[in-house]
Amino acid sequence: LLALALCTASSSAVLYHDYCVIGAGPSGLQVAYFLQQAGRDYVVFERSHSPGSFFALYPRHRKLISINKRYTGKSNSEFNLRHDWNSLLSHDRRLLFRHYSRDFFPNADSMVHYLEDFASLLKLQVKYNTAIIHVTLEKDEQAWNGHYFILTDQDRQNYKCSSLLVATGTWVPNVVNFPGSEYVEGYETVSINPEDFAGQTVLILGRGNSAFETAENILGVTNFIHMVSRSRVRLSWATHYVGDLRAINNGLLDTYQLKSLDGLLEGDLEDLAIIKDKKGKLHITLRFYLENSNTSAGIDSITLPQDELDNFATRAPYDRVIRCLGWKFDFSIYNRSLKMMPDKGNKKKYPQIKPNYESRGTRGLFVLGTASHSVDFRKSAGGFIHGFRYTTRAVHRLLEKRHHGVPWPATVYPVTQLTNSIIKRVNEASGLYQMFGVLADIILLRENATAFEYLEEYPVGILAELEMQTGRKAPNGLFVVIMEYGKNFSGADKDVFYYNRAVGEAQHAWQSNFLHPVIYYYKHLPTEHEMRLRSPDWPLPRPDAIHHIVEDFLTDWTAQNAHILPLRRFLENCLNTDLRHFFAESCFLFALTRQKLPPSCQHGYLNMQGLVGNKVLRRHAVEAGLLEDHTLTDFLDYKPPDTQEGSQHQMLSAHMIPVHPLQHLVNTKDE
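Those letters in the sequence shown? Residues 1 to 671, per UniProt numbering, in order.
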């Protein structure tokens, strides 16, 4: 009895953590890493005995479609992440996915192994075999968000948290109910042994990668495969959305278009009906035919479409019907007080969240990973590891500011480094590259544009809230650096291989089709009203000025004439300044002839810094037309007597810093 009482008491005790994370999949482990690095109090709940349990079952045929490009020809680790779609972000170089698989499309078992190592090597705080079965709110004015989250596990143990991070993904299979749907096999349970389908006729419901993956596995052993869905096939190379059909799975398109029996059909699945005959064959009909038939009398009394239209497409009976309709978010564990509602339209499989990944119904509840894909569904890569590893980092930075007063990381540079900073980021940043149109670098100008703050990978959907969300001020204007495809280039019906599809000249950069950098300039931070009124195809509202860096076949934006010079001219026009770098002699000349010196002279020459003239540099500048061929020539050519004192004098003259320009001005005035 005493033991029972102690057990009951312990199970009723509420365990508190600042942050609770539900799910130890990739996004759950990713946010756990950032919380641990920041020294925060957190716990991750995982219902399985190991992390990444989704990948222990899916994809059923074990081949991932996330690329593992181990060689890029570059040693820059940030650049290489652009082509590594499986690694999570960490400081440990051992935890790059390239060390876990040599395959371009890895086996899912490698992902399971990788996630196990990520959790164990980094010593993340994960509670395994802990299934959260209920989540509710407890009002408390002292709490961070005005309430605590109360989580209950399968053993009735309660946990209290100030912030809740949901990283469960979408794992509930989508099911369509129609007459005869009980004869349908699900993707999650259907056999993956091709021999089980030998000589059979198969109908697949769905048209995503799971449907084509299933078809690819049995393509060579079936009589024929038909595939039906309400929407047309969407190829990822046309839509530039990695969630659409990938080339590795599209073998059935070949056999369909080359008339080798297989085929694709469009139709609303809810209008279908399946009838099973005495031989076990499955006949496809339409729901309204059953409404006027006596189904209890058997199939012979039911009117089939081919009875009226003898060339009805699916008139041949099928041996098997397989459902491959993807997954949706599990809303069942959340109490109504949390107001966790499905999104609308084709995003209803995801919960409603704001552009900062916070639930629309409950403050302090953030959705991470695949389940957060409603923010950029069919637009960017936020539903996949190579995208949400960056959005998860962004959410962590937002939480650090909200709860701990830690401002968004920023680096301050003199304005002379503006062009270089942008060029460096667009050529190597992986977050900008993968989360195009969603995450952007923000450049906040200081007073008189003498310096700037550089913020990396900020969610553009909350640009109007930048000052509150980051703790950084933007009173003097800003640049937004983002990556975009051409506005009319992507789409299921687009021919992306047409002749002259690429732009090569800087003057036509605004017509670039392929992924390329775009720089928006705002004199003032856009307002919430302006953000709401922006065009649906634009990630940002209308700027005061905009610049496209012309697309590049090598995605290498370092060409002086095509990329750097037009960018610098754009920045100069926006700031009304000269961002070129000058030798000391030129700065001295400007000091005599101009009211305002270029920033490089202000930061360099006037501070007794910069390039010092010598004979080689002077001759190069003269040949390039940058200097007149008469200044100090005799002085530099002068050779004093060959004495120890003379040698020292020669050394000093070759490295002499010119006289401060203000002294020249004083001397000139005196004269």
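Ideal Cβ positions, reconstructed from N, Cα and C, are used throughout, including at glycine.
Residue i: buried (16+ other C-beta within 10 angstroms of its C-beta) or exposed?
i           : result
Pro-598     : buried
Phe-452     : buried
Pro-543     : buried
Arg-102     : exposed
Tyr-638     : Confidence at Tyr-638 is low in this model, with a pLDDT of 48, below 50, so its placement is unreliable and no value can be given for it.
Pro-475     : exposed
Gln-37      : exposed
Glu-585     : buried
residue 702 : Residue 702 falls outside the range modelled here, since the chain spans only 1 to 671, and no answer is possible.
Met-111     : buried
Asn-217     : buried
Tyr-183     : exposed
Asp-634     : Residue placement at Asp-634 is flagged as unreliable, the pLDDT there being 47, under the threshold of 50; the coordinate-derived value follows with that caveat. Exposed is the call here.
Val-415     : buried
His-508     : exposed
His-620     : exposed
Met-608     : exposed
Val-616     : exposed
Ser-535     : exposed
Asn-614     : exposed
Tyr-334     : buried
Taking just the CA atoms, how far does residue j sit from residue i?
i       : j       : result
Phe-329 : Asn-488 : 32 Å
Gln-644 : Asp-92  : Low confidence applies here, because Gln-644 scores a pLDDT of 47, under 50, leaving its location unreliable and the question unanswered by this model.
Leu-636 : Arg-425 : Here Leu-636 scores only 49 on pLDDT, less than 50, and its place in the model should not be relied on; the value that follows carries that caveat. Approximately 41 Å, taken between the alpha carbons.
Asp-495 : Arg-230 : 22 Å
Leu-439 : Gly-431 : 7 Å
Gln-30  : Val-395 : 11 Å
Tyr-522 : Tyr-148 : 39 Å
Glu-572 : Trp-538 : 25 Å
His-113 : Asp-155 : 28 Å
Asn-561 : Asn-193 : 57 Å
Phe-104 : Tyr-520 : 36 Å
Asn-177 : Leu-57  : 24 Å
Ala-429 : Leu-398 : 20 Å
Lys-259 : Leu-219 : 14 Å
Ala-198 : Glu-266 : 26 Å
Ser-210 : Gly-461 : 31 Å
Leu-503 : Ile-443 : Looking at the sequence provided, one finds Val at residue 503 rather than Leu. So the alpha carbons of these two residues sit roughly 27 Å apart.
Arg-501 : His-516 : 14 Å
Ala-624 : Arg-618 : 10 Å
Ser-77  : Thr-370 : 25 Å
Are residue i and residue j touching if we call contact CB-CB under 8 Å?
i       : j       : result
Lys-349 : Thr-170 : yes
Val-166 : Phe-366 : yes
Phe-436 : Glu-484 : yes
Tyr-357 : Thr-391 : yes
Phe-312 : Asp-262 : no
Arg-378 : Tyr-499 : no
Glu-100 : Ser-50  : As written in the sequence, residue 100 is Tyr, which differs from the Glu given in the question. It is not a contact, given that the beta carbons lie outside the stated cut-off.
Arg-70  : Ala-108 : no
Asn-86  : Pro-106 : yes
Thr-303 : Tyr-318 : no
Ile-422 : Val-518 : no
Asp-244 : Arg-234 : yes
Phe-212 : Asn-174 : no
Glu-530 : Pro-541 : yes
Leu-579 : Leu-445 : no
Gln-352 : Arg-363 : no
Val-14  : Asn-158 : yes
Ser-374 : Phe-388 : no
Met-227 : Arg-246 : no
Phe-45  : Thr-130 : yes
His-524 : Gly-471 : no
His-547 : Leu-567 : yes
Is it the case that the CB of residue i approaches a heavy atom of the ligand GDP more closely than 7 Å?
i       : result
Met-435 : With respect to the ligand GDP, the structure shown offers nothing to examine, as it has no ligands at all.
Entirely within the stretch 12-85 and at least 3 residues each: give me those beta strand (DSSP E) ranges in chain order. Restricting attention to beta strand (DSSP E) runs no shorter than 3 residues, the stretch 12-85 encloses them at 14-22 and 42-45, ordered along the chain.
At what residue ranges does the stretch 157-238 contain a whole run of the alpha helix (DSSP H), taking only runs of 4 or more? Those alpha helix (DSSP H) runs which fall completely within the stretch 157-238 and span 4+ residues are 209-218.
The stretch 441-457 / the stretch 397-412 touching (three or more Cβ pairs under 8 Å): Yes, they touch.
Closer than 8 Å is the cut-off here; do at least three beta carbon pairs connect the stretch 148-161 with the stretch 129-139? Between the stretch 148-161 and the stretch 129-139, the count of Cβ pairs shorter than 8 Å is three or higher; the stretches touch.
Is there contact here, the stretch 263-279 with the stretch 237-251, by at least three beta-carbon pairs under 8 Å? The stretch 263-279 is not in contact with the stretch 237-251.
Is it true that the stretch 541-556 meets the stretch 509-525, where meeting means three or more beta-carbon pairs spaced less than 8 Å apart? Between the stretch 541-556 and the stretch 509-525, the count of Cβ pairs shorter than 8 Å is three or higher; the stretches touch.
What residue ranges within the stretch 380-419 form continuous alpha helix (DSSP H) runs of no fewer than 4 residues, ordered along the chain? DSSP runs (the alpha helix (DSSP H)) wholly in the stretch 380-419: 385-404.
Could you say if the stretch 17-32 and the stretch 113-126 meet the contact criterion of at least three C-beta pairs nearer than 8 Å? Result yes; three or more Cβ-Cβ pairs closer than 8 Å.
Could you tell me which uninterrupted beta strand (DSSP E) segments, each at least 3 residues in length, are contained entirely in the stretch 319-352, listed from first to last along the chain? Segments of the beta strand (DSSP E) lying fully in the stretch 319-352: 320-323.
Return the chain-ordered ranges of every alpha helix (DSSP H) run that is complete within the stretch 437-486 and spans a minimum of 4 residues. You should have 466-470.
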